[in-house]
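Peer 1: Residue 7 in numbering that gives the first Met the number 0 sits at position 8 of the sequence shown; the count goes up by one each step and never skips.
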Amino acid sequence: MIVEPGIGRVDVESGQLQGATNRYVKTFRDLAGLYRDEAAFDRLLAQRGGDTAYEVTDYKPSANAGDMIIGVTRMEAGKVGDEYFMTRGHIHARPNRPEMYYGEAGVGVMLLESPDGQIRTLEIRTRTMCYVPPFWIHRSVNVGAEPLVMTFAYPADSGQDYDIIAKAGGMRSRIVDDGQGGWKAIENDLYLSRPQSLVDSIMANRD
Ligand SMILES: [Fe+2]
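1) Is the segment 144-161 in contact with the segment 87-98, if contact means three or more CB pairs nearer than 8 Å?
2) Given 8 Å as the limit, tell me if Val55 has its C-beta closer than that to any heavy atom belonging to ligand 1.
3) Who are the Cβ neighbours of Pro114 in its own chain at under 7 Å, not counting the five residues just before and after it?
4) Using the three-state DSSP reduction, which class does Phe40 fall into: helix, strand or coil?
5) Smallest Cα separation from Lys78: which of Pro4, Ala45 and Tyr34?
6) Could you please go through the chain and list the residues whose beta-carbon is closer than 7 Å to any non-hydrogen atom of ligand 3?
7) Using 8 Å as the Cβ pair cut-off and three pairs as the minimum, do the segment 58-67 and the segment 101-110 touch?
8) Going by the beta-carbon positions, is the gap between Gly102 and Arg87 smaller than 9 Å?
9) Quick one: grab the DSSP three-state call for Tyr11.
10) Who pairs with Phe84 in a beta bridge, going by DSSP?
11) Starting from the C-beta of Val11, find all residues in its chain whose C-beta is less than 8 Å away, skip the five residues before and the five after it, and write them out in chain order.
12) On a CA-only basis, which of Gly14, Asp176, Thr120 and Ser196 is nearest Tyr53? Give me that one, please.
13) Buried or exposed: where does Leu43 fall if 16 or more other Cβ atoms within 10 Å of its Cβ makes it buried?
14) Tell me the start and end of each unbroken beta strand (DSSP E) in the segment 125-166 that is at least 3 residues and wholly inside, in chain order.
15) Is Glu145 buried or exposed, if buried means 16 or more other CB atoms sit within 10 Å of its CB?
16) Which stretch, first to last residue, makes up the alpha helix (DSSP H) that contains Leu33?
17) Quick one: give me the first and last residue of the alpha helix (DSSP H) that Asp206 is part of.
18) For the beta strand (DSSP E) containing Tyr100, list its first residue and its last residue.
19) Restricting to Cα atoms, I'd like to know which of Lys59, Ala31, Thr56 and Arg22 is closest to Gly48.
20) Only counting the same chain, and skipping five residues up and downstream in sequence, which positions put a Cβ closer than 8 Å to that of Asn187?
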């Protein structure tokens, strides 16, 4: 059966895709365990625990191999201690699937980590396209003062695996305030390198 073509307007102001078939929200309470400064996180929870940290609206025609999911993500601006607001992050459940992000508003950093622990940081500004290659764990970080809005597209059968980050004590780097209105990547002291056997099993996924 042939799939019907689709179109959706990106509402940059609300950070939503109009005509989306799916929407999910992460509140600050949903992000427990991500941030290094637990006391600062507890203070955030006390004030804004039920508020939306980030929201995704997407258009998912099917989950078939060869099909594509398109959508919009919007993340609040702010910090927990000196660490900028971020998404949970994931590797694709089929890890050899790529992704594309495009900056619509605000300033973001795509934090990428390979299974063997290499780190890359890519700053995403308005009208910037960001390519996330296959096999890279990825998390977006809002390093600006305004909401970060990005559009994205990825293969419909990619899936998401969030545990890979949790099991390693987080990603290898954290994105923090550099004290001069910008950002810098620092080492995450809780990070645990993956055993080579696990790296090999992830990299063997080529279907
Ligand atoms: Fe992804």
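Built from N, CA and C at the ideal position, the CB exists for glycine as well.
Peer 2: The structure says:
1) yes
2) As a working mapping, residue 55 is identified with position 56 in the sequence shown. It does not: the Cβ of Val55 is nowhere closer than 8 Å to a heavy atom of ligand 1.
3) In the sequence shown, the residue the question calls residue 114 occupies position 115. Here the set comprises Phe134, Arg193, Val198, Ile201 and Met202.
4) Residue mapping note: residue 40 aligns to position 41 of the sequence shown, counting from 1. Here Phe40 sits in helix by DSSP.
5) In the sequence shown, the residue the question calls residue 78 occupies position 79. Ranking Pro4, Ala45 and Tyr34 by Cα distance to Lys78 puts Tyr34 first.
6) No copy of ligand 3 occurs in the structure displayed; its ligands are ligand 1 alone.
7) no
8) The sequence position of residue 102 within the sequence shown is 103, counting from 1. The sequence position of residue 87 within the sequence shown is 88, counting from 1. Against a cut-off of 9 Å, the Cβ pair of Arg87 and Gly102 comes out as no contact.
9) By 1-based counting over the sequence shown, the position of residue 11 is 12. Correcting the residue identity first, residue 11 is Val in this sequence and not Tyr. Here Val11 sits in coil by DSSP.
10) Stepping through the sequence shown from its first residue, residue 84 is reached at position 85. Per DSSP, none; premise fails for Phe84.
11) For the purposes of this step, residue 11 is taken as the residue at position 12 of the sequence shown. Answer for Val11: Glu103, Ala104 and Val148, listed in chain order.
12) Locating residue 53 in the sequence shown gives position 54, counting from the first residue. Looking at the Cα atoms, Gly14 is the closest of the given residues.
13) For this step, residue 43 is matched to residue 44 along the sequence shown. Result: buried.
14) 128-131, 136-141 and 147-154
15) Taking the sequence shown and counting its residues from 1, the one referred to as residue 145 is at position 146. Burial call: exposed.
16) The sequence position of residue 33 within the sequence shown is 34, counting from 1. First-last for Leu33: undefined, no H or E at that position.
17) By one-based count along the sequence shown, residue 206 stands at place 207. Here Asp206 belongs to no alpha helix (DSSP H), and DSSP marks it neither H nor E.
18) Residue 100 sits at position 101 when you count from the first residue of the sequence shown. That run of the beta strand (DSSP E) goes Glu98 to Ala104.
19) Residue mapping note: residue 48 aligns to position 49 of the sequence shown, counting from 1. The candidate whose alpha carbon is nearest that of Gly48 is Ala31.
20) Locating residue 187 in the sequence shown gives position 188, where the first residue counts as 1. Excluding residues within five positions, the ones whose Cβ falls inside 8 Å are Arg35, Gly168, Gly169, Met170, Arg171, Ser172 and Arg173.
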